[in-house]
Ligand code: ARG
């Protein structure tokens, strides 16, 4: 274990939850009858943004659109790697129009957006580790999109089969602790098929293994800068494990967003130039 873990400063894109709501159900967490406290959601989100900025990260914002309550989940809009943008093709018709708003932001920022040809939900299912692109499938992003991502980025894609509908996006079950060539990950094994579990164990023998309680608290939907881990305060065991390994947990509670099946990583898109 390194004496001192070194953070790498990030550039994030986020979307203010002004129009956040649960109006339809496209994952098991979403119950349109359960009210969302929009003011509380705003406060929780502002606290996350403050925490990112306090730790030196750059945060940019895209203007929210009133009819798109899930647009706050910026991670799903694209994968940006090496300055190349693979724009999403959302599974749910309710979310498809988000692409127009996000594409406009990228084009305005000087990026060309390539559209996925098959369902692909950006960083929700495509997670760069430094050596590979870990790619989830089973509920949203397709294997065809994995193939396109490999061709487009020229990074080896490792396809992983998700099996539990509560962990419908890869970023609800796994996150990258540090994305250097020898980087490590944390994950919840039961979210994966036996074969995919074996692949993860082979690639990451020293991975941090989360409990079901950690996963249910959205503890795997965390953002790490290589040193600080922005994590749900309800994922206690996981935070303790990370602290023992030299990481610094920064607790931020996005409980209101969990009503839509989202957390810290879901609301955060990383722009890797
Ligand atoms: N309600 C959204 C959906 O089901 C939540 C997206 C969460 N995003 C994520 N990166 N896991 O599509």
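In the numbering used here, the protein residues as written are -13 to 259.
For each residue, glycine too, the CB sits at the ideal point set by N, CA and C.
In this text the structure is predicted, and so the values were computed from the model without any measurement.
In this structure, 243 is the residue among 258, 243, 199 with its C-alpha nearest to the C-alpha of residue 59. Residue 161: member of the beta strand (DSSP E) spanning 160 to 162, first to last residue.
Taken through DSSP and simplified to helix, strand or coil, residue 103 comes out as coil. Annotated three-state conformation of residue 255 is strand, per DSSP. In this structure, residue 199 has its beta carbon at no less than 7 Å from each heavy atom of ligand 1. Residue 67 sits away from residue 142, with the two beta carbons spaced by 8 Å or more.
For residue 170, the shortest separation between its Cβ and any heavy atom of ligand 1 does not lie below 7 Å. When the alpha-carbon of residue 176 is set against those of 45, 222, 231, 159, the nearest one is in 159. Distance from the C-beta of residue 245 to the nearest heavy atom of ligand 1 is not below 7 Å. Across the set 205, 183, 125, 147, the C-alpha of 205 shows the shortest separation from the C-alpha of residue 161. Note that the region 192 to 207 does not touch the region 18 to 35; fewer than 3 beta-carbon pairs, one per stretch, sit closer than 8 Å.
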